[in-house]
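Below is one structure, written out as structure tokens, with a few remarks after it.
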Amino acid sequence: MRREQHIRRLVDYARQGNAKTFIIGAASAIITGTLVQYVSQYEFVVLGIGFLGVIPLAIREWKLGTIRASFNNNSTYQRLVRLPFWLTLCGLIMLYALLGWYDFGSADSSFFILFAALCMGMFGFQRAFDSVILKLEPDYITDRELHRELK
328 MRREQHIRRL
338 VDYARQGNAK
348 TFIIGAASAI
358 ITGTLVQYVS
368 QYEFVVLGIG
378 FLGVIPLAIR
388 EWKLGTIRAS
398 FNNNSTYQRL
408 VRLPFWLTLC
418 GLIMLYALLG
428 WYDFGSADSS
438 FFILFAALCM
448 GMFGFQRAFD
458 SVILKLEPDY
468 ITDRELHREL
478 K
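Residue numbers for the sequence shown, in the working numbering: 328 to 478.
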């Protein structure tokens, strides 16, 4: 019963936040699309505004971490459930650093290699995180399971 209660709390929060996340992401894409036409020199800074969709994702990760932290009182578990939030923020900062590097003209084709490495690294960190935390808390609900429940 405990696992089902955890899933229910996470699903309830995820459904509640989906509309807000979609609205903020869509608004960010519209603002970016509008401003790109008027800005000639700093296109990538303006395109960075389009990535503000990461901010709702970070907020979502923090809230899900807070909900998940209430499931187990172990101090290691408490720290680990916040890791997806910090990974999201680090990924955003690295993305901005890559865009800045590209904008200064220092990067050629190596930009795309580093961008692909960043994406694969974030995916790998998420997989490793899931395997570590499942050893610590067998009732942990991964993002994959949460997505399955939302469908």
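C-beta: ideal position from N, C-alpha, C; glycine also.
CA-to-CA distance, residue j to residue i, given in whole angstroms
i    : j    : result
T415 : W428 : 20 Å
I440 : T393 : 35 Å
G360 : A353 : 11 Å
L461 : Y340 : 21 Å
G418 : S458 : 20 Å
L463 : G451 : 19 Å
M449 : L384 : 14 Å
I420 : E331 : 36 Å
Q405 : A396 : 5 Å
R471 : A455 : 14 Å
Limits of the alpha helix (DSSP H) - the one that residue i falls within
i    : result
S402 : 402-407
Y467 : Segment: none, Y467 is in no alpha helix (DSSP H) and carries neither H nor E.
F431 : Per DSSP, F431 belongs to no alpha helix (DSSP H) and is neither H nor E.
DSSP three-state assignment for residue i, whether helix, strand or coil
i    : result
S397 : coil
D435 : coil
Residues near residue i by beta carbon distance below 7 Å, same chain, minus five either side
i    : result
R387 : G344, T348
H333 : F398, D466, I468
F442 : L425
Contact test: residue i Cβ vs the ligand ATP heavy atom, cutoff 7 Å
i    : result
P465 : The ligand ATP is absent from the structure shown, which contains no ligands of any kind.
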